[in-house]
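Before any comments, here is the structure.
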Amino acid sequence: MNQIYFPLIDSMLVILNDRFSLKTLSFMNSIATVYPESKNFLSINDVDEFSRHIDVDSNALKNEFIVIKTMLMSKTINNVIQFLNELIPFSTAFPQTLRMIKSAITMPISQVA
């Protein structure tokens, strides 16, 4: 019994450590910057990991986030789809942010690992 039990537990722990590594958590925090329900919403300090992954200019993205924050001050945005719909009319002004949103909402969770 122990010949199966301990290797199985060890294997499960390795998988959990990989899935919730610091790099993975940093990546998930970066994706969360485009989700209004997140505490990281439009946080310029957390965008680098995901912007590198989808090949977006992080400096341009940070500048867009600053402008978007002021633009949305008087509005209530509840979810990422509503956020996307709010920005679509301004697609030429916020191309990096729109690319990040589209990538975030279409990326399967298994890609995060």
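Note that this note's numbering has the sequence shown beginning at 49, numbered continuously upward.
Beta carbons are placed, not taken as given, at the ideal position from N, Cα and C, and that holds for glycine.
Rounded straight-line distance, which links the Cα of residue j to that of residue i
i	j	result
residue 75	residue 52	34 Å
residue 101	residue 132	20 Å
residue 63	residue 154	24 Å
residue 65	residue 140	41 Å
residue 93	residue 138	23 Å
Same chain only: Cβ atoms within 8 Å of residue i, ignoring 5 sequence neighbours per side
i	result
residue 95	78, 81, 106, 109, 110, 113, 148
residue 86	80
residue 127	83, 84, 85
residue 134	120, 123, 125
Residue i and residue j closer than 9 Å at C-beta
i	j	result
residue 130	residue 84	yes
residue 120	residue 136	no
residue 152	residue 98	yes
Cβ-heavy atom distance, residue i to the ligand HEM, below 8 Å
i	result
residue 88	Ligands are entirely absent from the displayed structure, and the ligand HEM is therefore not among its contents.
Residue interval of the alpha helix (DSSP H) (run including residue i)
i	result
residue 97	96-101
Exposed unless 16 or more other CB atoms sit within 10 angstroms - verdict on residue i
i	result
residue 115	exposed
residue 142	buried
Own chain partners of residue i with C-beta closer than 6 Å, once the 5 adjacent residues on each side are dropped
i	result
residue 118	none
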